[in-house]
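Chains A and B, in that order, are what the protein sequence lines are.
Just so we're aligned, residue 3 is where the first sequence starts under the numbering used here, counting upward by one.
Just so we're aligned, residue -10 is where the second sequence starts under the numbering used here, counting upward by one.
Cβ atoms here follow ideal geometry from the backbone N, Cα and C, with glycine treated the same way.
Keep in mind it's a predicted model, so treat the numbers as computed, not measured.
Report on one structure; see the data block that follows.
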Amino acid sequence: MSVPFILFFICAAVAVLGAVLLIVAREPVHSALAVILVMMALAVLYLLLGAEFIAAVQVIVYAGAVMVLFVFVIMLLNAGVEVRTNYSKIAKYVGVPLGFFLLLEVAHWMWRSAIGTTVANGVGAVNSNAVDTAELSKLLFRDYLFPFEVTSILVLIAIVGALVLAKRDE
Amino acid sequence: MDFIAQHAVLVVSLVKIVVLLFVVMTALAYVTWFERKVVAHIQSRWGPYYVGAHGLLQPLADGVKFLFKEDVTPPGADRLMYVLAPFLALSLALTTLALIPFGPPSVQVFGQPVFIVANSSIGLLFLFAFTSIGVYGVALAGWSSNSKYPLLGGLRSSAQMISYEVSLTLSVVGVLLLAGSFSFNGIIEHQYGSVRHWHVWPQIVGFLCYITAAIAETNRVPFDLPEAETELVAGFHTEYSSFKFAMFFMAEYANMITVSCLATILFFGGWLSPFPDSWKWQLYLPGAALVLLGLYCAYDTAMQMRGFARIQFGVITLLAFVGGLVCLTPSVMPVIEGLFWFVTKVIVFLFVYVWIRGTLPRFRYDQLMSFGWKLLLPVSLVNLVATALVILLRHG
């Protein structure tokens, strides 16, 4: 049992806890904070894998930018406590079993592909000084240029969509 | 010794963290003293004078006062968030300082660099990661207080911080392009030589954008709208009292120090000396500066101070003399040199901060927003594109 191995399980537990809190919490701000908790736990997991750059970007983009806007909007709208309704029948009788089925399937494939042992062995074993800015930018702006640009257009579409929705009433 | 040799990283890091925390906490207290003194002199006043010689014990008295005040939680406040917010603000502000190299990495103990706690190859990105989640402290404080003014203050503050963070990050990218590194030590070593090689000359526009956005990011005058007392009482921390208020206060000053350190590293050569290496006499500067300070203190003790203040200032005089003599011993000189330059540059920046506070009036909110989006952002974008073009033309 190495220190990174123990850290991995702590962060994994925190991530799962955050995900559960997100659903259970009734105050929108609490839900938003639960998402941030998940993001931070994921960032630590990336760090454990030696992916310093991804970890930093994860925190900057998700926790630092996206979720700040979420919290800002929740505060601006002064959103009240969520109202609980009776669960829908479909969700109860179809959704829950399907969810369990999905969980079983994921567990099955993880068992088969032995991804679990690779993760357990790989954690902390990767060299941590592998981040080279030049290498990374070569990947982003040469090898994967097309997907990168397509993603940015996708984001642009979302912005234009938001503008159209906001301007509709006028 | 065997244990220390085996777990060098762990032991040395722990010692460094404890020392850094102690130094930073003391520095925070004395930055408030420094600010009050400088602003007072700008306004033709004396500032704190009665608690200790030259008011030097005022920060201690303030700290004790904060500790003994009643800690009030407003009714209807979201208790968990209300308590969490100041902790978040202060701990994030202090964590960023772990990434700052206060001296050259060549000074080592047990093979570990002395002057930096977390020597990351992408230190700058981690620093931005920590500052970007610093917004939550302020936003949550405003929201959880269950009160009108804090909510408005928190909203303003988050909007301001999100807006200026964009320009702040963009203004720094020019330096990254020049240095070709995310690591602080890499950026500093790229400016090696003398004052001519500092990044501030090719990146003067970037520096001006950086310092403007940084002041806005730390919620200081003239961008202190989140706590504009004529409109919002005290903004997001209106409902906070006692030590929770003190934590916000300390977080603000810690952020000031971080921003000054970052400006020093990115644009002013960090722990590098402004003179070329061949000028050997510069090694004597730290010691000489301390001895001069000691001489001034000795004069003050003899001529001005009376009673308890005289004893106190006498002790400070002695400390300055002893420190100066220690710094003049040949084995200490090269160790202390980098630290001396770094701290000197940071103090200059802190002075500029206070100077701006003593000089400029506050912006109006719409002015603040249009300034950030319509002037600062385009200028830093143009600076970035221009820098990239020049580098491309030079190196093909």
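Check your understanding: What's the call for Q149/B, buried or exposed, on a 16-neighbour Cβ count within 10 Å?
Key -> Locating residue 149/B in the second sequence gives position 160, counting from the first residue. Q149/B is buried by the Cβ-count criterion.
Review point. How would you call Q47/B, buried or exposed, if buried means at least 16 neighbouring beta carbons within 10 angstroms?
Key: Locating residue 47/B in the second sequence gives position 58, counting from the first residue. Q47/B counts as buried, since at least 16 other C-beta atoms from the protein chains shown sit within 10 angstroms of its C-beta.
Practice item. Show which residues of chain A have a CB atom less than 7 Å away from the CB atom of F115/B. Key: Start at 1 with the first residue of the second sequence, and residue 115/B comes out as number 126. What F115/B touches in chain A: A58.
Review point. Is V321/B helix, strand or coil when you go by DSSP?
Key: On the second sequence, position 332 is the one that residue 321/B refers to. If DSSP states are grouped into helix, strand and coil, V321/B belongs with coil.
Review point. Roughly how many whole angstroms lie between the Cα atoms of N129/A and F256/B?
Key: Position 127 of the first sequence, counted from the first residue, corresponds to residue 129/A. Position 267 of the second sequence, counted from the first residue, corresponds to residue 256/B. Here N129/A scores only 49 on pLDDT, less than 50, and its place in the model is too uncertain to base an answer on.
Point to revise | Beta-carbon neighbours of W362/B, restricted to chain A and to distances below 8 Å | key: Working through the second sequence from its first residue, we reach residue 362/B at position 373. Under the 8 Å cutoff, chain A gives no residues; its nearest Cβ is about 15 Å from W362/B.
Check your understanding: Helix, strand or coil: how does DSSP classify P275/B here?
Key -> Residue numbering aside, residue 275/B sits at position 286 when the second sequence is read from its first letter. P275/B: helix per DSSP, three-state reduction.
Check your understanding: Looking at the C-beta of W270/B, does it have a partner C-beta in chain A at a distance below 8 Å?
Key -> Locating residue 270/B in the second sequence gives position 281, counting from the first residue. No, its Cβ sits nowhere closer than 8 Å to a Cβ of chain A.
Check your understanding: Between L122/B and L81/B, which are expected to be in contact by the criterion C-beta below 8 Å, what is the C-beta distance as a whole number of angstroms?
Key -> Numbered from 1 along the second sequence, position 133 holds the residue referred to as residue 122/B. Numbered from 1 along the second sequence, position 92 holds the residue referred to as residue 81/B. For clarity, residue 122/B is Ile in the given sequence; the question names Leu instead. Right, the Cβ-Cβ distance comes to about 6 Å (below 8 Å), so this counts as a contact.
**Study point:** Candidates L167/B, K334/B, L214/B, A252/B, of which the one nearest L381/B by Cα
**Key:** For the purposes of this step, residue 381/B is taken as residue 392 along the second sequence, with counting starting at 1. When the alpha-carbon of L381/B is set against those of L167/B, K334/B, L214/B, A252/B, the nearest one is in L167/B.
Review point. Taking the alpha helix (DSSP H) that Y229/B falls in, what are its first and last residues?
Key: Taking the second sequence and counting its residues from 1, the one referred to as residue 229/B is at position 240. Note, Y229/B: premise wrong, no alpha helix (DSSP H); not H, not E.
Point to revise | CB-CB length for I254/B against F173/B, believed under 8 Å | key: Counting from one through the second sequence, the residue named residue 254/B turns up at place 265. Counting from one through the second sequence, the residue named residue 173/B turns up at place 184. Correct: roughly 5 Å between the Cβ atoms.
Review point. Going along the chain, which residues of its own chain have a beta-carbon closer than 6 Å to the beta-carbon of A235/B, five neighbours each way excluded?
Key: Locating residue 235/B in the second sequence gives position 246, counting from the first residue. The residues are F55.
Point to revise | Pair within 8 Å by beta-carbon distance, L10/B and A202/B | key: Along the second sequence, one-based indexing puts residue 10/B at 21. Along the second sequence, one-based indexing puts residue 202/B at 213. L10/B places its beta carbon 8 Å or farther from that of A202/B.
Check your understanding: What's the gap between the Cα of I56/A and the Cα of L71/A?
Key -> Residue 56/A sits at position 54 when you count from the first residue of the first sequence. Residue 71/A sits at position 69 when you count from the first residue of the first sequence. Taking the straight line from one Cα to the other gives about 21 Å.
Check your understanding: Name the DSSP bridge partner or partners of P93/B?
Key -> Reading the second sequence from its first residue, position 104 is the one you call residue 93/B. Paired residues: none, contrary to the question.
Point to revise | Range covered by the alpha helix (DSSP H) that runs through P139/B | key: Your numbering for residue 139/B matches position 150 in the second sequence. Its alpha helix (DSSP H) spans residues 137 to 168.
Review point. Roughly how far, in whole angstroms, is the beta-carbon of G143/B from the beta-carbon of M77/A, given that I think they are within contact range, below 8 Å?
Key: In the second sequence, the residue the question calls residue 143/B occupies position 154. In the first sequence, the residue the question calls residue 77/A occupies position 75. Between the beta-carbon of G143/B and that of M77/A there is about 7 Å, and that keeps the pair under the 8 Å contact cut.
Point to revise | S133/B, DSSP secondary structure in three states | key: Here residue 133/B corresponds to residue number 144 of the second sequence, with the count starting at 1. S133/B falls in the helix class under three-state DSSP.
Practice item. Have a look at the DSSP bridge pairing and note the partners of Q101/B. Key: Position 112 of the second sequence holds residue 101/B. Answer is V98/B.
Exercise for review: Could you tell me if I204/B is buried or exposed, where buried requires 16 or more neighbouring beta carbons within 10 angstroms of its beta carbon?
Suggested key: Here residue 204/B corresponds to residue number 215 of the second sequence, with the count starting at 1. Its Cβ being crowded by 16 or more others within 10 Å, I204/B is buried.
Exercise for review: State buried or exposed for Q293/B, treating a residue as buried only when at least 16 other CB atoms are found within 10 Å of its CB.
Suggested key: Working through the second sequence from its first residue, we reach residue 293/B at position 304. Taking a 10 Å sphere around the C-beta of Q293/B, we find fewer than 16 other C-beta atoms and assign the residue as exposed.
Check your understanding: Taking C-beta to C-beta, are V20/B and L339/B nearer than 8 Å?
Key -> Mapped onto the second sequence, residue 20/B falls at position 31. Mapped onto the second sequence, residue 339/B falls at position 350. Yes, they are a contact pair.
Point to revise | is_contact[G126/B, chain A] using C-beta, thresh 8 Å | key: The sequence position of residue 126/B within the second sequence is 137, counting from 1. Put simply, the CB of G126/B is far from chain A, with every gap to its CB atoms at 8 Å or more.
Point to revise | Where the alpha helix (DSSP H) containing S115/A begins and where it ends | key: In the first sequence, counting from the first residue as 1, residue 115/A sits at position 113. For S115/A, the enclosing alpha helix (DSSP H) stretches over residues 98 to 115.
Practice item. Measure the Cβ-Cβ separation of A252/B and Y181/B and say whether it is below 8 Å. Key: Position 263 of the second sequence holds residue 252/B. Position 192 of the second sequence holds residue 181/B. Their beta carbons are not under 8 Å apart, which means A252/B does not touch Y181/B by this criterion.
Check your understanding: Under 9 Å Cβ-Cβ, which residues of chain A neighbour L159/B?
Key -> Your numbering for residue 159/B matches position 170 in the second sequence. The contacting residues do not exist; L159/B stays about 13 Å from chain A at best.
**Study point:** Between the CA atoms of E54/A and I111/B - distance to the nearest angstrom
**Key:** Counted from its first residue, the second sequence places residue 111/B at position 122. Counted from its first residue, the first sequence places residue 54/A at position 52. Cα-Cα distance, rounded: 8 Å.
Check your understanding: chain B beta carbons: is any one of them nearer than 8 Å to that of E54/A?
Key -> Numbered from its first residue, the first sequence carries residue 54/A at position 52. Yes, its Cβ sits closer than 8 Å to a Cβ of chain B.
Check your understanding: A118/B versus chain A: which residues are under 7 Å apart at the beta carbon?
Key -> By one-based count along the second sequence, residue 118/B stands at place 129. Near A118/B (Cβ distances below 7 Å), the residues of chain A are A58, V61, I62, G66.
Exercise for review: Rank Y288/B, L282/B, G303/B, A277/B by C-alpha distance to the C-alpha of T318/B and give the top, closest one.
Suggested key: By one-based count along the second sequence, residue 318/B stands at place 329. Sorting Y288/B, L282/B, G303/B, A277/B by C-alpha distance to the C-alpha of T318/B places A277/B at the top.
**Study point:** Alpha carbon of F264/B to alpha carbon of W270/B, nearest angstrom
**Key:** The residue given as residue 264/B occupies position 275 in the second sequence. The residue given as residue 270/B occupies position 281 in the second sequence. Each residue's Cα considered, the two are about 10 Å apart.
Review point. Of all the alpha helix (DSSP H) runs that stay within the bounds of the segment 242 to 293 of chain B, which reach a length of 4 or more residues?
Key: Those alpha helix (DSSP H) runs which fall completely within the segment 242 to 293 of chain B and span 4+ residues are 274 to 292.
Check your understanding: Counting contacts by CB-CB distance shorter than 8 Å, is A127/A in contact with chain B?
Key -> Counted from its first residue, the first sequence places residue 127/A at position 125. Below a pLDDT of 50, predicted positions are generally treated as unreliable, and A127/A, at 49, falls in that range; the measurement from the model is reported next regardless. Interface criterion not met: the Cβ of A127/A is under 8 Å from no Cβ in chain B.
Check your understanding: For A53/A, which three-state DSSP category applies?
Key -> Within the first sequence, residue 53/A is the residue found at index 51, counting from 1. Here DSSP, grouped into helix, strand and coil, assigns A53/A to coil.
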